[in-house]
Amino acid sequence: FQYAALFDSMTAADNIAFPLREHTDRSEADIAATVEDLLRRVQLEGRGDRMPSELSGGMRKRVGIARSLALEPDILYFDEPTSGLDPVTAAVIEDLIMETHRDFGYTGLVITHHWELAQRLASRVALLWRGRIHAIGTPGEFEASHDPIIRGFLDRDPRVLNLPTGPDGQRA
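So, in structure tokens, the structure goes:
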């Protein structure tokens, strides 16, 4: 949810309740209790009546996380979850992802260009290079790697763009 994907015509609470109303037969009282619990878990107690336009970028991302947790999924995808956020708010979102992962037990798939975020959140990392998975391993294995593409990515070395790939030796 790179941009939180909220319905701008619904309050934060209604955004969170949306999947419960659409995909379950739970009562409104039960939905309201779940929404309040999720708002608390994402540190937005008392803000359920706000429209997305009244929320900061970090608050919108937290509402998006709460909505994604409403149906208690087995797998949760995060597309650049800290994109566009200041470092302090980004750290809050990172902490929230770790807390909800622990509390809900979902498998999280995080798409990111930020190595520090991947190191903090991931037990396993896959590096996509020119449309294909180039390497899979732990953050520690990536750090210890001598592979020129992995090193170029981790070291932010622009020369990595000129490395040949595959048997045909194509360049970027």
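In terms of our numbering, the sequence shown has 381 at position 91, counting the first letter as 1, and numbering is strictly consecutive. Ideal placement from N, C-alpha and C gives every residue a C-beta, glycine not left out. Here the structure is a predicted model, which means the values were calculated and not measured.
*asked:* Rounded to the nearest angstrom, what separates Asp315 and Ile321 at their Cα positions?
replied: Along the sequence shown, read from residue 1 onward, the residue named residue 315 stands at position 25. Along the sequence shown, read from residue 1 onward, the residue named residue 321 stands at position 31. Approximately 10 Å between the Cα atoms of the pair.
*asked:* With DSSP as the reference, identify every bridge partner of Ala380, one or two as the case may be.
replied: The residue given as residue 380 occupies position 90 in the sequence shown. Paired residues: none, contrary to the question.
_Proximity below 7 Å, CB of Leu334 to CB of Arg352_ = Here residue 334 corresponds to residue number 44 of the sequence shown, with the count starting at 1. Here residue 352 corresponds to residue number 62 of the sequence shown, with the count starting at 1. For Leu334 and Arg352, yes; Cβs fall inside 7 Å.
*Below 8 Å, can you find three or more Cβ-Cβ pairs linking the region 427–435 to the region 391–400?*
no
*Rounded to a whole number of angstroms, what is the C-alpha to C-alpha distance between Ser346 and Pro454?*
As a first step, residue 346 is located in the sequence shown; it is residue number 56 there, counting from the start. As a first step, residue 454 is located in the sequence shown; it is residue number 164 there, counting from the start. Each residue's alpha carbon lies about 43 Å from the other.
_the region 355–365 touching the region 301–317, judged by at least three CB pairs closer than 8 Å_ = yes
*Could you check what DSSP says for Thr397 in three-state terms: helix, strand or coil?*
Indexing the sequence shown from 1 puts residue 397 at position 107. In this structure, Thr397 counts as strand in the three-state DSSP scheme.
*Assign Ile383 to one of two classes, buried (16 or more other C-beta atoms within 10 Å of its C-beta) or exposed (fewer than that).*
Here residue 383 refers to the residue found at position 93 when the sequence shown is read from its first residue. It counts as buried.
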